[in-house]
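In the numbering used here, the protein residues as written are 85 to 378.
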């Protein structure tokens, strides 16, 4: 049996869940996991379902037959095959801890993506990436060549068919044009618990303020720096005795974990952008299982 998922968002109305459930039952599908959220402030409804096609229905067949249901509720609906790995381009600068973490998770099957390429503005991680049989592209970025550099990056994305860009501590600000072109498809890891301490050196800012918690935030990238809808966050406790350099070291593990969780949520279709916020549904049973031990 093939496992599919359905994502739905629309204005909240009576009968949405009943209509979707009845449709899937009529098509010989069995629902295995379901989550929904009704935002009373905006009137928006969000839903994600996992289901098995017990009668061998194809994805195209389900999409076509669901159209009347979708139109009756003015839905944005997306079906996808949960077994198909989504193509991702990872971008990195001088800090490699998030890249290393993602490569390990990818290698053991704990993060079910197809890493189509790695792009960097430095050569530091070329050998690491190539040793994983992943194409590596060094694209230097300066003020003078930024439009050309971003065009080259977008060529990599388009030629590989990547659906998602992951900024794994890529320390260059993307242009408004690129942010708009890839809206909802660029995930960043920021080494701070946003909305506090934005910008390039948040650990120094946090140290100067004497905070007792530092954290990391993964969010969608928008034209407003570090203002995009937040997907995932976590924190770690620090004390007055630790330095700004300690904060950097302590933050690495949190950054890597938060970014991986955000990517996992996105590729499984668990994240919905809801204005300047997100709705993030819990993971389905078994979705964290790795294919190999190491």
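We put the CB at the ideal spot given by N, CA and C, even for glycine. Everything numeric in this text was worked out from a predicted model, so none of it was measured.
Range of the contiguous alpha helix (DSSP H) that encloses residue i
i           : result
residue 383 : The structure shown does not extend to residue 383, since the chain is modelled only from 85 through 378, so no value can be given for it.
residue 100 : 100-110
residue 332 : 328-351
residue 183 : 181-192
residue 236 : 230-244
residue 287 : 286-293
residue 265 : 260-265
Rounded distance between the beta-carbons of residue j and residue i, thought under 8 angstroms
i           : j           : result
residue 276 : residue 299 : 7 angstroms
residue 108 : residue 135 : 6 angstroms
residue 313 : residue 357 : 5 angstroms
residue 315 : residue 250 : Rounded, the Cβ-Cβ distance is 12 angstroms, inconsistent with contact.
Nearest-angstrom Cα separation, counted from residue j out to residue i
i           : j           : result
residue 176 : residue 345 : 18 angstroms
residue 173 : residue 227 : 23 angstroms
residue 103 : residue 269 : 30 angstroms
residue 245 : residue 171 : 7 angstroms
residue 367 : residue 165 : 16 angstroms
residue 242 : residue 259 : 17 angstroms
residue 252 : residue 185 : 10 angstroms
residue 335 : residue 143 : 42 angstroms
residue 112 : residue 89  : 14 angstroms
residue 340 : residue 110 : 43 angstroms
residue 309 : residue 262 : 13 angstroms
residue 291 : residue 95  : 44 angstroms
residue 121 : residue 215 : 43 angstroms
residue 322 : residue 296 : 5 angstroms
residue 369 : residue 153 : 27 angstroms
Residue i classed as buried or exposed, judged by whether at least 16 other C-beta atoms fall within 10 angstroms
i           : result
residue 350 : buried
residue 207 : exposed
residue 273 : buried
residue 145 : exposed
residue 91  : buried
residue 222 : exposed
residue 132 : buried
residue 162 : exposed
residue 362 : buried
residue 93  : buried
Endpoints, beta strand (DSSP E) assigned at residue i
i           : result
residue 317 : 314-321
residue 212 : It is not in any beta strand (DSSP E) - residue 212 instead sits in the alpha helix (DSSP H) that spans 210-214.
residue 303 : 297-304
residue 225 : Unbroken run through residue 225: none, as it is neither H nor E.
residue 204 : 197-204
residue 123 : 113-123
residue 90  : 86-95
residue 274 : 270-274
Distance cut-off 7 angstroms: residue i Cβ against heavy atoms of the ligand COA
i           : result
residue 317 : Ligands are entirely absent from the displayed structure, and the ligand COA is therefore not among its contents.
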